[in-house]
């Protein structure tokens, strides 16, 4: 019988799974929206890494799920934040948001999500209305225990985005509405907020009584106020 | 007539450490641990309790809640041991465990919280802390719990209770109870003991992520899980831990192997050596793993020997049919061991 130096197996920080769920439908190609999105996420990555470094007890993994006509995972497996790079998306097709949420629900099952994980962060970004069965997709996410416990943020790009659908995705709580990004500055500000402040909160969520959270089970700081348009031409 | 009886020499030990993330954030250790055991040669009964105060800002006194919870647990089980039941009616004991004890624990805990709050009303510091971290609405919600804000003291609670006739477990909230049992395996070298760790109770599906059930909930007694096992073959080891420990291991198997490894370490190195090393192991777990406070309590079934029957004053050795046998008076218990001092710096 060998005597261990210390009891137990391999130790590890807790995984935090961060999902970008991104609309790249044809309308995102208008007025520079997809370019602004690509730039905003790429520029937020260093800040995201800095925030993640402040908490060595959480390991952030990033997923990118893009949807237009159908939906696709950019990489099959979660990518550790230290290795994550944003691949530019191009705009084309319709808005199969329901399909994306159904695929998302599969990733939230246990397994592959471990029970010891931190509550995942789901960030849905869209400029339009779903062209498929959104409600089925949402039900699939809600059916998963990790889907129920996830921090859900939605960013509505421009005036044609379906805010009610995005609000339903966030749980329909009147105290938390989708973030309205009407220009590139506002989008960049919101992208930076979810990449830093939300990641920081989700990396070390304090324990709380089940069902007692006022809005979400992970306390999320207030988002930045919407940046004013630089000019009327910049409003999406 | 056989003057001797086979008995095990039971040991109880434990430790609690402040989490690595709590040290960074300047927070206190919100866990607590307490244990007692008998003075008979087998050192039974053994009572062990651990608690984990909630970390969200509105649970601003959860360290106090946890410290009171472990004391209340031991007091109530001690009372049950002394006053409680007919040892010949184990199903009645099970009923005490599943229904009466949870209610009594919750009631007594709430009484203790009421006393604490009467003597230590909310201060400007409490308001500033909760408001800054969780917002004015959270503070207003706490104040609306009139006359006593039990929420501020919210905590989990885990208990193990070992008697000569049975082992019982109670759990409210997250954390883990593991039991290591011995079986025999036929090997080319003969029959060898084999050990495996398992959970004596089913999981609670509500306990995922950072959410838990709690003593501060209005019907907390209904959220207790219990398990009662007649002592046909006593477990080799019982392990209670707060969730900061399990969350520090990459896999469930890796965490379960803690229990079997600890048993091997206790057998090889002895209780005193293992007790001395616990703080280092728990600090390592917090630093490399969850970052949370980590608390671990162990009940170890030591060596077996023959004890003279006539010298044992334990009432359960000589059972009187259909009689309610009094337990040893509470003075016979050794002084309980409480949680480590707050703000203890890690090495």
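Residue numbers (the working numbering), protein chains in the order written: chain A, 2 to 237; chain B, 2 to 348. Ideal Cβ placement from N, Cα and C applies to all residues, glycine included.
If you drop the 5 nearest sequence neighbours on each side, which residues of the same chain put their C-beta closer than 6 Å to that of residue 74 of chain A? So the list reads 66, once near-sequence residues are dropped.
Can you pull the chain A residues whose beta carbon is under 7 Å from the beta carbon of residue 259 of chain B, in chain order? 8 and 9, listed in chain order.
Could you tell me whether any Cβ in chain A is nearer than 8 Å to the Cβ of residue 321 of chain B? With a pLDDT of 27 at residue 321 of chain B, under the threshold of 50, the predicted position of this residue should be treated as unreliable, and no value is reported.
Can you list, in chain order, the residues of the region 105-138 of chain B whose Cβ is nearer than 9 Å to any Cβ on chain A? Listed by position along the chain: 134, 135, 136 and 138.
Tell me where the alpha helix (DSSP H) around residue 67 of chain A begins and ends. First-last for residue 67 of chain A: 59-69, but that is the beta strand (DSSP E), not the alpha helix (DSSP H).
Using CA atoms only, rank isn't needed, just tell me which of A:10, A:185, A:115 and A:196 is closest to residue 52 of chain A. Checking every option, the nearest Cα to that of residue 52 of chain A belongs to A:196.
Comparing alpha-carbon positions, which option in B:38, B:78, B:44 and B:294 lies nearest residue 23 of chain B? Of the candidates B:38, B:78, B:44 and B:294, the one whose C-alpha sits nearest the C-alpha of residue 23 of chain B is B:294.
Tell me, please, whether the CB atom of residue 82 of chain A is closer than 8 Å to any CB atom in chain B? Cβ-Cβ to chain B under 8 Å: no for residue 82 of chain A.
Is it the case that the Cβ atoms of residue 144 of chain B and residue 300 of chain B are separated by a distance below 8 Å? Taking 8 Å as the cut-off, the Cβ atoms of residue 144 of chain B and residue 300 of chain B do not count as close.
DSSP state of residue 21 of chain A mapped onto helix, strand, coil: Strand, per DSSP.
Name the residues in the region 208-225 of chain B whose C-beta lies less than 8 Å from a C-beta of chain A; which are they? For the region 208-225 of chain B, which is checked against every Cβ of chain A, the residues closer than 8 Å are 208, 209, 210, 211, 212, 213, 214, 215, 217 and 218.
Which whole-angstrom value is the C-beta distance of residue 266 of chain B and residue 259 of chain B, which I expect to be below 8 Å? At roughly 10 Å, the Cβ-Cβ gap does not stay under 8 Å, so residue 266 of chain B and residue 259 of chain B are not in contact.
Three-way DSSP call (helix, strand, coil) for residue 142 of chain B in this model: Of the three classes helix, strand and coil, the one that applies to residue 142 of chain B here is helix, per DSSP.
For residue 345 of chain B, which residues in the same chain have their Cβ closer than 8 Å to its Cβ, ignoring the five residues on either side in sequence? With a pLDDT of only 37 at residue 345 of chain B, under the threshold of 50, the placement of this residue in the model should not be trusted, and no figure is reported.
Compare the C-beta of residue 21 of chain B against all C-beta atoms of chain A and say whether one is closer than 8 Å. Residue 21 of chain B counts as touching chain A.
On the criterion of 16 or more Cβ atoms from any shown chain inside 10 Å, does residue 231 of chain B qualify as buried, or is it exposed? An exposed status is given to residue 231 of chain B, since fewer than 16 other beta-carbon atoms sit within 10 Å of its beta-carbon.
Does the Cβ of residue 154 of chain A have 16 or more other Cβ atoms within 10 Å, making it buried, or fewer, making it exposed? Counting C-beta atoms within 10 angstroms of its own C-beta, residue 154 of chain A has 16 or more neighbours from the protein chains shown and is therefore classed as buried.
Does the structure place the region 100-110 of chain A close enough to the region 178-192 of chain A that three or more beta carbon pairs sit under 8 Å? With the cut-off at 8 Å, the region 178-192 of chain A and the region 100-110 of chain A do not touch.
To the nearest angstrom, report how far apart residue 145 of chain A and residue 42 of chain B are at their CA atoms. Here the C-alpha atom of residue 145 of chain A lies approximately 52 Å from the C-alpha atom of residue 42 of chain B.
Indicate whether at least one CB of chain B lies closer than 8 Å to the CB of residue 205 of chain A. Chain B contact via Cβ: present.
Secondary structure, beta strand (DSSP E): runs of 3+ residues fully inside the region 67-113 of chain A: Listed in chain order, they are 71-74.
Using 8 Å as the threshold, is the C-beta distance between residue 157 of chain A and residue 198 of chain A below it? No, the pair does not count as a contact, with Cβ atoms beyond the cut-off.
Taking the CB atoms as reference points, tell me whether residue 11 of chain B and residue 303 of chain B lie closer together than 8 Å. Yes, the pair counts as a contact, with Cβ atoms nearer than the cut-off.
Any C-beta of chain B within less than 9 Å: which residues of the region 34-64 of chain A qualify? Under the 9 Å Cβ criterion, the region 34-64 of chain A contributes 55, 56, 57, 58 and 59.
Residue(s) in a DSSP beta bridge with residue 15 of chain B: Per DSSP, B:298.
Report the rounded CA-to-CA distance for residue 22 of chain A versus residue 125 of chain A, giving the unit in angstroms. Rounded to the nearest whole angstrom, the CA to CA distance from residue 22 of chain A to residue 125 of chain A is 5 Å.
Runs of beta strand (DSSP E) lying entirely within the region 159-227 of chain B, each at least 3 residues, in chain order: Correct list: 167-173, 177-188 and 191-199.
Between the beta-carbon of residue 249 of chain B and the beta-carbon of residue 197 of chain B, is there less than 8 Å? In this structure, residue 197 of chain B does not lie closer than 8 Å to residue 249 of chain B by Cβ.
Check residue 274 of chain B in the structure and name its three-state DSSP category. Reduced to three states, the DSSP call for residue 274 of chain B is helix.
Within this structure, are the beta carbons of residue 16 of chain A and residue 115 of chain A separated by less than 8 Å? It is a contact, given that the beta carbons lie within the stated cut-off.
Less than 8 Å between the beta carbons of residue 247 of chain B and residue 25 of chain A, yes or no? Not closer than 8 Å, so no.
Output needed for residue 169 of chain B: all residues of its chain with C-beta closer than 6 Å, excluding positions within five of it in sequence on either side, in chain order. Spatial neighbours of residue 169 of chain B in its own chain (CB-CB distance under 6 Å, excluding positions within 5 residues in sequence) are listed in chain order as 98, 162 and 229.
Counting only Cβ-Cβ distances shorter than 9 Å, please list the residues of the region 234-259 of chain B near chain A, keeping chain order. The residues in question are 244, 246, 247, 248, 249, 250, 251, 252, 253, 254, 255, 256, 257, 258 and 259.
Count the other CB atoms, across all protein chains shown, that sit within 10 Å of the CB of residue 327 of chain B; report buried if there are 16 or more and exposed otherwise. Confidence in residue 327 of chain B is poor, its pLDDT being 28 and thus under 50, which makes the residue's placement unreliable; the coordinate value appears in the next sentence. Classification of residue 327 of chain B: exposed, given that the 10 Å Cβ count is below 16.
Applying the criterion that 16 or more other CB atoms from any shown protein chain within 10 Å of the CB defines a buried residue, is residue 159 of chain A buried or exposed? With at least 16 other beta carbons inside 10 angstroms of its own, residue 159 of chain A counts as buried.
State the Cα-Cα distance for the pair residue 32 of chain B and residue 177 of chain B, rounded to the nearest angstrom. Across the structure, residue 32 of chain B and residue 177 of chain B are spaced so that their CA atoms are roughly 14 Å apart.
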